[in-house]
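Following: one structure in structure tokens, then a few remarks.
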Amino acid sequence: MTDAGDDLEEHARAIEWLICDVDGVLTDGRLFYVSGPAAQAAPAEAKTFNVRDGLGLRLAKRAGLKVALLSGRASSAVQHRASELGLDAVMLGRGDKRAALESFLETHGTTADRIATIGDDLPDLPLFGACRLAYAPANAAPEVQEASDVVLETPGGQGCVREMVEHLLKLRGEWQALVDELR
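End of the sequence shown sits at 196 in the numbering used here; the numbers just go up one at a time, nothing left out.
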């Protein structure tokens with residue numbers, strides 16, 4: 014894991030929200046379309062999520078953080094997963110992530126310096142420039158890695174969100190207490 018070396022502990026303590034991209038972060042970025050009957054207007058979409066990311070998000074919530082998903086694509090599979098995990102906000106079909114962030118801040122009465130974000134590709138860069146902490150999976154686009162505060166060791170779809178949550182909670186001094194609660 015590489016990080017910007019800034020005072021990450023101070024930044025981590027200020028975080029109230031996590032905003033996670035979906036495709037390429039919570040999934041490996043591949044899209045699966047399952048064909049149905051010929052009369053069906055569009056094929057069904059299938060996504061694969063890593064269970065370790067789900068646990069990471071639940072641990073973040075247990076530590077008092079709020080979690081939002083922000084994706085340029087609309088997906089009932091993502092909506093279902095977010096509901097299953099009890100996430101606090103879901104923004105799907107939002108191609109303009111800068112506008113989505115502005116709307117999110119207004120709706121939730123928070124500021125960008127209270128947010129950590131994770132993304133893997135160019136549409137995520139507006140959040141990287143605005144939010145307090147920015148994380149990138151190991152296989153993120155080079156421009157995203159360069160703009161991030163922390164480049165994780167794990168690729169998207171393989172547990173990188175869990176790694177981000179663990180890193181953030183360790184910086185805050187909260188990780189070990191959560192682990193001890195689960196013993």
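C-beta atoms are modelled at their ideal positions from N, C-alpha and C, and glycine is treated no differently.
Between the CA atoms of Phe-45 and Leu-146 - distance to the nearest angstrom: Translated into positions along the sequence shown, residue 146 becomes position 133. Translated into positions along the sequence shown, residue 45 becomes position 32. Going by the C-alpha atoms only, they are around 31 Å apart.
Met-104: CB within 7 Å of a non-hydrogen atom of the ligand GTP: The ligand GTP is absent from the structure shown, which contains no ligand whatsoever.
Coil, strand or helix - Thr-120 by DSSP: Looking up residue 120 in the sequence shown gives position 107. Thr-120: helix per DSSP, three-state reduction.
Gly-170 and Thr-61 closer than 8 Å at C-beta: Along the sequence shown, read from residue 1 onward, the residue named residue 170 stands at position 157. Along the sequence shown, read from residue 1 onward, the residue named residue 61 stands at position 48. For Gly-170 and Thr-61, yes; Cβs fall inside 8 Å.
Among Gly-106, Ala-143, Trp-30 and Thr-124, nearest to Arg-75 - alpha-carbon criterion: To locate residue 75, count along the sequence shown from 1; it is residue 62. Cα-wise, what sits closest to Arg-75 is Trp-30.
Extent of the continuous beta strand (DSSP E) run through Ala-149: The residue you call residue 149 lines up with position 136 of the sequence shown. From DSSP, the beta strand (DSSP E) with Ala-149 extends over 146 to 149.
contact_flag[the region 169 to 183, the region 122 to 132] where n(CB pairs < 8 Å) is 3 or more: yes
Gly-37 classed as buried or exposed, judged by whether at least 16 other C-beta atoms fall within 10 angstroms: One-based indexing of the sequence shown puts residue 37 at position 24. So Gly-37 counts as buried.
Per-residue burial, Val-157 [other beta carbons within 10 Å of its own, 16 or more giving buried]: The residue you call residue 157 lines up with position 144 of the sequence shown. Val-157 should be labelled buried.
Straight-line Cα distance separating Ile-28 from Glu-22: For the purposes of this step, residue 22 is taken as residue 9 along the sequence shown, with counting starting at 1. For the purposes of this step, residue 28 is taken as residue 15 along the sequence shown, with counting starting at 1. Whole-angstrom Cα-Cα distance: 10 Å.
Per-residue burial, Arg-94 [other beta carbons within 10 Å of its own, 16 or more giving buried]: Locating residue 94 in the sequence shown gives position 81, counting from the first residue. Classification for Arg-94: buried.
Supposed close pair Gly-172, Asp-66 - CB separation, criterion 8 Å: Working through the sequence shown from its first residue, we reach residue 172 at position 159. Working through the sequence shown from its first residue, we reach residue 66 at position 53. Confirmed, Cβ separation roughly 6 Å.
Limits of the unbroken alpha helix (DSSP H) element including Phe-141: The residue given as residue 141 occupies position 128 in the sequence shown. It spans 138 to 143 - the alpha helix (DSSP H) in which Phe-141 sits, taken as one unbroken run.
Nearest residue (CA-CA) to Asp-137, options Asp-193, Leu-82 and Glu-194: The residue you call residue 137 lines up with position 124 of the sequence shown. The residue with the shortest Cα to Cα distance from Asp-137 is Leu-82.
Cα-Cα separation, Asp-162 to Ala-149: As a first step, residue 162 must be located in the sequence shown, where it is residue number 149. As a first step, residue 149 must be located in the sequence shown, where it is residue number 136. Those two C-alpha atoms are separated by around 8 Å.
Euclidean distance between Cα positions of Leu-70 and Ser-96: As a working note, residue 70 is residue 57 in the sequence shown. As a working note, residue 96 is residue 83 in the sequence shown. Cα-Cα distance, rounded: 12 Å.
When Asn-152, Glu-159, Ala-154 and Leu-114 are compared against Pro-139, the one with the closest alpha-carbon: Taking the first residue of the sequence shown as position 1, residue 139 is located at position 126. The shortest Cα separation from Pro-139 among Asn-152, Glu-159, Ala-154 and Leu-114 belongs to Leu-114.
Runs of alpha helix (DSSP H) wholly within the region 52 to 119 (minimum 4 residues, chain order): 64 to 75 and 89 to 98
Closest by C-alpha distance to Met-14, when choosing among Leu-165, Ala-190, Trp-188 and Glu-187: Counted from its first residue, the sequence shown places residue 14 at position 1. Selected option, being the one with the closest Cα: Leu-165.
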